[in-house]
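Residue numbering for the sequence shown is 707 to 886, as defined by our numbering. Ideal placement from N, C-alpha and C gives every residue a C-beta, glycine not left out. See below for the structure under consideration.
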Amino acid sequence: MAKLLYSVTMSLDGFIAGPGGDMSWLTPHLGPNPLVDDLITRVGSILAGNRTFRGDDPYKGTEHEGEAFGGGWSGPQFVLTHHAPAEPVPGVTFAGDLDTAVKQAKAAAGEKYVNVLGADIARQCLAAGVLDEILVLIAPVLLGDGVRLFSHPGGTDIRLERLHMSEAPQAANLWYRVLR
Numbered sequence: 707m708a709k710l711l712y713s714v715t716m717s718l719d720g721f722i723a724g725p726g727g728d729m730s731w732l733t734p735h736l737g738p739n740p741l742v743d744d745l746i747t748r749v750g751s752i753l754a755g756n757r758t759f760r761g762d763d764p765y766k767g768t769e770h771e772g773e774a775f776g777g778g779w780s781g782p783q784f785v786l787t788h789h790a791p792a793e794p795v796p797g798v799t800f801a802g803d804l805d806t807a808v809k810q811a812k813a814a815a816g817e818k819y820v821n822v823l824g825a826d827i828a829r830q831c832l833a834a835g836v837l838d839e840i841l842v843l844i845a846p847v848l849l850g851d852g853v854r855l856f857s858h859p860g861g862t863d864i865r866l867e868r869l870h871m872s873e874a875p876q877a878a879n880l881w882y883r884v885l886r
């Protein structure tokens, strides 16, 4: 059965996007990473939040703009939103609730990962108890402001078990299992 994996690149000070969701900070930190190259082959579907789907793209202005993993992956994508576009988007299914979106993404992924994209949807998956793993690539940069990796006003304690730790030229890789 498919597992839900939140994979994300984060600045050393804990931000996954700059102010206003700006992703241009990430562009110079995209580069060879054997762990990511391997992960791409193990992703069966993508589950994204609406802001991530409609948001800024670190590949903006390149031939891979709008493509998952910079064009390295293609497959079914599921977007959690209450405002689906009037016109269909090829390869993208819009769902109005988390349970439906997760079920559809898992069914499409088969035995592979559902790659979760977006801080808010990852937070929702954690709260619902459906997020299985977290992969954080730590980029050597301090942003100072923006969208945090995880934010839960009032605090929360989510225990994690480290599965893997490695380095790549552009990042330190930390992979965790969410303990329930």
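Query	Result
Round the Cβ separation of L753 and V820 to the nearest angstrom and send it over; I've been treating them as touching at under 8 angstroms.	5 angstroms
Taking the straight line between their C-alpha atoms, what separation do you get for S857 and E793?	33 angstroms
When burial is assigned at 16 or more other CB atoms within 10 Å of the CB, is V749 buried or exposed?	buried
Check for me: the alpha helix (DSSP H) holding K709 runs from which residue to which?	That residue, K709, is in no alpha helix (DSSP H); its beta strand (DSSP E) goes 709-717.
Report the start-end ranges of each beta strand (DSSP E) in the segment 717-783 that is 3 residues or longer and not cut off at the edges.	721-723, 749-755
Please list, in chain order, all residues of the same chain as L843 whose beta carbon is under 6 angstroms from its beta carbon, the five residues on each side excluded.	T715, A877, N879
Any idea what DSSP makes of V808, helix, strand or coil?	helix
Check L880 in the structure and name its three-state DSSP category.	strand
Is it right to say P764 is buried, meaning 16 or more other beta carbons lie within 10 angstroms of its own, or is it exposed?	buried
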